[in-house]
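Undergrad:
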Amino acid sequence: MIIPQESSKRLRRYILDLIHPGDIVIDVGAYHGFYTLFASRVVGEEGYVVAFEPHLLNFGILALNISLNSVYNVEAIKVALRTKNEDGKLYIHEASPRHSIIYRRQRYIPIKIRKLDDMIKELGFENIPISKNVDKKTSKERN
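For the sequence shown, my numbering assigns the number 651 to the initial residue and increments by one for each residue that follows.
(1) Are there 16 or more other CB atoms within 10 angstroms of the CB of S789, so buried, or fewer, so exposed?
(2) Quick check on the DSSP output: what are the complete beta strand (DSSP E) runs of length 3 or more inside the stretch 659-709, in order along the chain?
(3) Could you give the first and the last residue of the continuous beta strand (DSSP E) run that contains E736?
(4) Would you mind reading off the limits of the alpha helix (DSSP H) that contains K762?
(5) Three or more C-beta pairs closer than 8 Å, one from the stretch 702-717 and one from the stretch 672-689: is that the case here?
(6) Using only alpha-carbon positions, find the residue among E744, A726, I763 that is nearest to D737.
(7) Return the chain-ordered list of same chain residues with a C-beta closer than 6 Å to the C-beta of E725, the five sequence neighbours on each side being excluded.
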């Protein structure tokens, strides 16, 4: 896995201020898992990371990176998150990994979309307070 250096130092410091050993972290749009793996190390054996990545190829690389790094406190789930459960479309950005379920493009792939609240219940985390936002960009800023 290629690890970005300078571009991610500030975000990694920000993450270290937010998450601690034993925390549960949700990584939405986990891509290949760089921040998933980083969070996994920070939360340690007592913590847990759930990584959501709807794109089939990216999900495969994410799962491979989790396996290659012998990480046991991470669960990868191949769905997108939104406000309702439905079959949807992931619109493919041709020049970058900035795919979107919101901004329409010519190419798309079919995906499953789930509500975060439902996923939290299924994972057994419904009594865990969710109050931390690591990636402050909105979906508009990402596309």
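The beta-carbon is built from N, C-alpha and C at its ideal position, and this holds for glycine as well.
TA: According to the data block:
(1) Low confidence applies here, because S789 scores a pLDDT of 39, under 50, leaving its location unreliable; read the following figure in that light. S789 should be labelled exposed.
(2) 674-678, 698-702
(3) 736-741
(4) Careful: K762 lies outside any alpha helix (DSSP H), inside the beta strand (DSSP E) at 758-765.
(5) yes
(6) I763
(7) V700
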